[in-house]
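S.K.: Got a structure here, written out as structure tokens. Questions coming.
Protein chains: 2
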Amino acid sequence: MALKHADPGQVIDLTPYGAALAQKQSIALFKSEDLEVMRLVLLAGSAMPSHDVAGEITIQCLEGSIEISADGATHVLYPGHLMYLAGRAPHALFALEDASVLVTVALKRS
Amino acid sequence: MALKHADPGQVIDLTPYGAALAQKQSIALFKSEDLEVMRLVLLAGSAMPSHDVAGEITIQCLEGSIEISADGATHVLYPGHLMYLAGRAPHALFALEDASVLVTVALKRS
Chain A
426 MALKHADPGQ
436 VIDLTPYGAA
446 LAQKQSIALF
456 KSEDLEVMRL
466 VLLAGSAMPS
476 HDVAGEITIQ
486 CLEGSIEISA
496 DGATHVLYPG
506 HLMYLAGRAP
516 HALFALEDAS
526 VLVTVALKRS
Chain B
426 MALKHADPGQ
436 VIDLTPYGAA
446 LAQKQSIALF
456 KSEDLEVMRL
466 VLLAGSAMPS
476 HDVAGEITIQ
486 CLEGSIEISA
496 DGATHVLYPG
506 HLMYLAGRAP
516 HALFALEDAS
526 VLVTVALKRS
């Protein structure tokens, strides 16, 4: 994950990496009081095993395609597709093609 | 705003409306425990006057272009650009072209 985070009001470029994707890594875009936003890079055939986070999340496919398994169902997200999941919902990702994905997490305050 | 909201785990299509945009309206995609997500439609020349919400937000341009004024600065968002703003940060939107915009709001619990 990158160390330099975006500030409020800063323009963050999420246009597709395209041919450069294979050289990219997953980055944390920012983590602030209420939200954490990251851009994950998953190369074709790679998986993120089932896991969960405390808060609700949205997962948006920016390029490529990914399979999401959650709530006993599996769906494929293509560019421009978004899904949200309840907090503590286990979910697994599998990249069908080289993909980058925007993940937004609602942070829970204790 | 549409009355039928998406459920967790459902695929939500955010691909550009394109030529159909002028016939579209802003819709609430879902509002759940931690997050509220909507897709706003702003036709060229239309504005959303300065306002603020309690929680942090992200604003992502899906198509067209919009000018965002916040924190004393004005930026233009083009497709694939995202910005986040702190809770209670006043912001105004102005559509430079017909645009649709994804807005994610972190809900504050009292």
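Here the protein sequences line up with chains A and B, keeping their order.
For the record, in the first sequence the residue sitting at position 83 is 508 according to our numbering, with numbers rising by one throughout.
For the record, in the second sequence the residue sitting at position 96 is 521 according to our numbering, with numbers rising by one throughout.
Just so you know, even glycine gets a beta-carbon here, dropped at the ideal spot from N, CA and C.
Rounded to whole angstroms, what is the Cα-Cα separation between Lys449 of chain B and Leu467 of chain B?
M.R.: 9 angstroms
S.K.: Any idea what DSSP makes of Gln448 of chain B, helix, strand or coil?
M.R.: helix
S.K.: Is the region 499 to 514 of chain B touching the region 472 to 485 of chain B, taking contact as three or more C-beta pairs under 8 angstroms?
M.R.: yes
S.K.: Mind checking if Gln435 of chain A is an interface residue toward chain B, Cβ cutoff 8 angstroms exclusive?
M.R.: yes
S.K.: So who's on the other strand from Arg464 of chain B, going by DSSP bridges?
M.R.: Per DSSP, B:Ile452 and B:Leu527.
S.K.: Are there 16 or more other CB atoms within 10 angstroms of the CB of Ser544 of chain B, so buried, or fewer, so exposed?
M.R.: Residue 544 of chain B falls outside the range modelled here, since chain B spans only 426 to 535, and no answer is possible.
S.K.: Can you pull the chain A residues whose beta carbon is under 9 angstroms from the beta carbon of His498 of chain B, in chain order?
M.R.: First, the amino acid is wrong: residue 498 of chain B is Ala here, not His. Going along chain A in sequence order, the residues near Ala498 of chain B (Cβ under 9 angstroms) are Gly434.
S.K.: Just curious, the beta strand (DSSP E) that Tyr442 of chain A is in, first and last residue?
M.R.: Neither: Tyr442 of chain A is in no beta strand (DSSP E) and is coded neither H nor E.
S.K.: Under the three-state reduction of DSSP, which class applies to His506 of chain A: helix, strand or coil?
M.R.: strand
S.K.: Is the beta carbon of Asp477 of chain B within less than 7 angstroms of some heavy atom of the ligand MN?
M.R.: As presented, the structure is devoid of all ligands, the ligand MN included, so that no description of it is given.
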